[in-house]
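Undergrad: One structure, pasted below without further comment.
Residue numbers (the numbering used here): 1055 to 1167.
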């Protein structure tokens, strides 16, 4: 495992352990373990293009505010820009950190990034 912040290391360890049961968590842990410089940055325009209304998506990186969001989404991400968080809420969606993923069923989530 690469050297990471203690918070990210905790997420990687927790998702890796959960990945023994379901591949979704293993894939999420693998994405988080990538170097910080190559961690994904997802703009709202990309979420709007690739997601259906009321879909729950996971971004293993940062959500940025570039573009428009025209549908309500539930977004779980490592980080949000303040403007992105405002636009998601303005579109009727909600923003959560990875702590809120505990207990979620992976068949209702999709990784974007």
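A virtual CB, placed ideally from N, CA and C, is assigned to each residue, including glycine. Everything numeric in this text was worked out from a predicted model, so none of it was measured.
Is the Cβ-Cβ distance between residue 1116 and residue 1101 less than 8 Å?
TA: no
Undergrad: Mind reading off the beta-carbon distance from residue 1147 to residue 1114? Whole number of angstroms is fine, and I expect it under 8 Å.
TA: That belief does not hold up - the Cβ atoms of residue 1147 and residue 1114 are roughly 18 Å apart, past 8 Å.
Undergrad: Go ahead and label residue 1085 buried or exposed: buried means 16 or more other beta carbons lie within 10 angstroms of its beta carbon, across all protein chains shown.
TA: buried
Undergrad: Please name the residue or residues paired with residue 1115 in a DSSP beta bridge.
TA: 1094
Undergrad: Could you tell me which of 1144, 1121 and 1167 sits nearest to residue 1130, measuring between CA atoms?
TA: For residue 1130, the closest alpha carbon among the candidates 1144, 1121 and 1167 is that of 1167.
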